[in-house]
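What follows is one structure encoded as structure tokens, with my remarks underneath.
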Amino acid sequence: MAYSDKVVDHFNNPRNMGSFKKDDADVGTGMVGAPECGDVMKLQIKVQNDTIVDAKFKTFGCGSAIASSSLATEWLKGKTIEEAQKIKNTDIVQELNLPPVKIHCSVLAEDAIKAALADYQKKTDGQPTGTK
Amino acid sequence: MDNHQSSSHPDTRRQLQMARSMCWHCQSEVTGEYFCDRCVKVQPVSKETDYFTCLGFPRRLMLDPQKLEAKFYELSRTFHPDFYQTKSADEQTISLSNAAVLNTAYRTLRAPIQRAEYLLALETGSVKDIRTSPPADLFEEILELQDTLEEYRASDRDSDQGHRLRSTLQTEQEALERRKHEMEAQLQQLFADWDKLQDAGEATSLARVERDRILKQMRDLLSNRTYVNNIVNDLAATIA
Chain A
1 MAYSDKVVDH FNNPRNMGSF KKDDADVGTG MVGAPECGDV MKLQIKVQND TIVDAKFKTF
61 GCGSAIASSS LATEWLKGKT IEEAQKIKNT DIVQELNLPP VKIHCSVLAE DAIKAALADY
121 QKKTDGQPTG TK
Chain B
1 MDNHQSSSHP DTRRQLQMAR SMCWHCQSEV TGEYFCDRCV KVQPVSKETD YFTCLGFPRR
61 LMLDPQKLEA KFYELSRTFH PDFYQTKSAD EQTISLSNAA VLNTAYRTLR APIQRAEYLL
121 ALETGSVKDI RTSPPADLFE EILELQDTLE EYRASDRDSD QGHRLRSTLQ TEQEALERRK
181 HEMEAQLQQL FADWDKLQDA GEATSLARVE RDRILKQMRD LLSNRTYVNN IVNDLAATIA
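Right, here's the structure in full:
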């Protein structure tokens, strides 16, 4: 099964590859892996005033896993925490036209988003949102 | 009412079991492994039959590879198409599909790691059910190594930088291979623990705790081993 043009595009020109300092207070880090295939994904968000101002990822895995996380970071930028929660793996599947055998890659990306949001929220827990 | 309920239960179960082991041809009960005792017709492997049962082994993790192979060859002969050329179309179909199941069963159980993965899936339903917290340290390491790999791929292999990166990667590869072997040794211990627990066959709550411990640790180790294995292969392929 050939990769869709969008997957190839994200794979060849990954958006937002890299990382933030994970100890920074305004950074949320999601680190997930798929034991079945051994893919590893790190997705980070930078948050200001409840809005994701920047996102970065690093992925070790197949083309679909890289494309899924690349797309996820694109989508995350500019979204509020609440909006980001609503991103579903099915949205990624649709956008990238992933075949059934690659759906787990999109699940991994959704898990990474959720983990990054949870990490950020854990850091800011007890503090009023929007503090500098 | 209560009486009726409790007496009807075992009965239903027995009927179900009998229905499953009824000969497709003569409808008599099948007690043998793969053939009807009465009409000697080959019986299909049921979809619910797990690979251990299919090959006639208990759910153990330290199977004797020679015995496993011997049983596989024996059953391969049993279902070989040559012996069914003069038989009915039904029997030919059954023997062929049995042979296919048998091949998959043997391929799955032959390799100890795959065998353990399969057992985990059987014992826990879906492997994802006991999905563990990801090993963050290991992931960081893998992703960092990935960066070094990229750097090496982009570098001039014959330059000083290329040589330096290559030797860094080589050291990392050796360290990871050692870790992989350590994990495999730990897995071996868990395999032995599992077999011991199964052989004891106790249904105490203590045994259940031990069972969960083994399965959980096995899941963790198998996952981490996959991650390490992938990066080791990637390293090996890149610096080869």
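Protein chains in written order, with the numbering used here: chain A, 1 to 132; chain B, 1 to 240.
Beta carbons: idealized from backbone N, C-alpha and C, even for Gly.
Could you tell me which residues DSSP puts in a beta bridge with residue i?
i: residue 53(A); result: In DSSP, residue 53(A) forms no bridge with anything.
i: residue 29(B); result: 22(B)
i: residue 48(A); result: 51(A)
i: residue 143(B); result: None, per the DSSP bridge assignment.
i: residue 42(B); result: 35(B)
i: residue 60(A); result: 40(A)
i: residue 17(A); result: 57(A)
Among the options, whose alpha-carbon lies nearest the alpha-carbon of residue i?
i: residue 237(B); options: 101(B), 62(B), 170(B) and 124(B); result: 170(B)
i: residue 65(B); options: 206(B), 139(B), 144(B) and 109(B); result: 109(B)
i: residue 231(B); options: 67(B), 140(B) and 92(B); result: 140(B)
i: residue 120(B); options: 226(B), 240(B), 235(B) and 214(B); result: 214(B)
i: residue 99(B); options: 135(B), 154(B) and 74(B); result: 74(B)
i: residue 55(B); options: 43(B), 61(B) and 72(B); result: 72(B)
i: residue 135(A); options: 99(A), 46(A) and 118(A); result: It is not possible to answer for residue 135(A), since the shown part of chain A is limited to 1 through 132.
i: residue 150(B); options: 221(B), 104(B) and 234(B); result: 234(B)
i: residue 115(B); options: 89(B), 68(B), 182(B) and 210(B); result: 68(B)
i: residue 61(A); options: 55(A), 123(A) and 33(A); result: 33(A)
i: residue 180(B); options: 88(B), 77(B) and 221(B); result: 221(B)
i: residue 178(B); options: 228(B), 50(B) and 204(B); result: 228(B)
i: residue 115(A); options: 57(A), 98(A), 99(A) and 8(A); result: 57(A)
Under the rule that 16 or more other beta-carbon atoms within 10 Å means buried, what is residue i, buried or exposed?
i: residue 129(B); result: The predicted model places residue 129(B) with a pLDDT of 44, which falls under 50 and marks its position as unreliable; any figure quoted below should be read in that light. With fewer than 16 Cβ atoms within 10 Å of its Cβ, residue 129(B) is classed as exposed.
i: residue 13(A); result: exposed
i: residue 30(A); result: buried
i: residue 219(B); result: buried
i: residue 40(B); result: exposed
i: residue 111(A); result: buried
i: residue 3(A); result: buried
i: residue 163(B); result: exposed
i: residue 80(B); result: exposed
i: residue 96(A); result: buried
i: residue 134(B); result: buried
i: residue 50(A); result: exposed
i: residue 172(B); result: buried
i: residue 27(A); result: buried
i: residue 225(B); result: buried
The beta strand (DSSP E) spanning residue i covers which residue range?
i: residue 49(B); result: It is not in any beta strand (DSSP E) - residue 49(B) carries neither H nor E in the DSSP assignment.
Since residue i is in the alpha helix (DSSP H), which residue starts that stretch and which ends it?
i: residue 228(B); result: 205-239
i: residue 34(A); result: First-last for residue 34(A): 27-34, but that is the beta strand (DSSP E), not the alpha helix (DSSP H).
i: residue 171(B); result: 160-200
i: residue 10(A); result: 5-12
i: residue 119(A); result: 103-124
i: residue 72(B); result: 65-78
i: residue 95(B); result: 89-110
i: residue 90(A); result: 89-96
i: residue 84(A); result: 81-85
My guess is that residue i and residue j are in contact by the Cβ rule of under 8 Å, so how many angstroms apart are they, rounded?
i: residue 41(A); j: residue 108(A); result: 5 Å
i: residue 136(A); j: residue 52(A); result: There is simply no residue 136(A) to check, as chain A begins at 1 and stops at 132 in what is shown.
i: residue 22(A); j: residue 44(A); result: 7 Å
i: residue 94(B); j: residue 42(B); result: 5 Å
i: residue 76(A); j: residue 84(A); result: 6 Å
i: residue 152(B); j: residue 165(B); result: 4 Å
i: residue 60(B); j: residue 195(B); result: 5 Å
i: residue 34(B); j: residue 105(B); result: That belief does not hold up - the Cβ atoms of residue 34(B) and residue 105(B) are roughly 13 Å apart, past 8 Å.
i: residue 28(B); j: residue 36(B); result: 7 Å
Could you check whether the Cβ of residue i sits closer than 9 Å to any Cβ belonging to chain D?
i: residue 231(B); result: You won't find chain D in this structure, because its protein chains are A and B.
CB of residue i to nearest heavy atom of the ligand MN: below 8 Å?
i: residue 90(B); result: The ligand MN is absent from the structure shown, which contains no ligand whatsoever.
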